[in-house]
Amino acid sequence: MDRLLAEQATASDGSLTVVALAVEAGVHRMALMKRHADLKIEFCERIPPRPSRCQRRRSDRGEPSPESSRLSPTSEERPQNTAGR
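Counted from 1, the sequence shown has number 227 at position 72 by my numbering; the numbering is strictly sequential.
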């Protein structure tokens, strides 16, 4: 973490992301997210704020994304099939 924050990354591209933190630590990203969540939280608190770095995506929270809600029309928007009547 300190190497990333000091802009002296050795194993990653040096970006201030959770993925780069995992690479620098030599662990899989999911291991960092699940088993070492405290380190991820500390990292997110120490970097300058940027919405996409540490916020969970809507899909991670089980919320529909704006794109998916536009892709499937509601029953009121679907055209009625009158050919079989």
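Backbone N, C-alpha and C fix where the C-beta goes; we use that ideal spot for every residue, glycine too. If you're wondering where the values come from, they're calculated on a predicted model, not measured in any experiment.
Between residue 167 and residue 182 a beta carbon distance of about 12 Å is seen, past the 8 Å cut, so the two are scored as non-contacting.
Taken through DSSP and simplified to helix, strand or coil, residue 196 comes out as helix. Per DSSP, the unbroken alpha helix (DSSP H) holding residue 157 starts and ends at 157 to 160. Annotated three-state conformation of residue 176 is helix, per DSSP. The DSSP-derived three-state label of residue 190 is coil.
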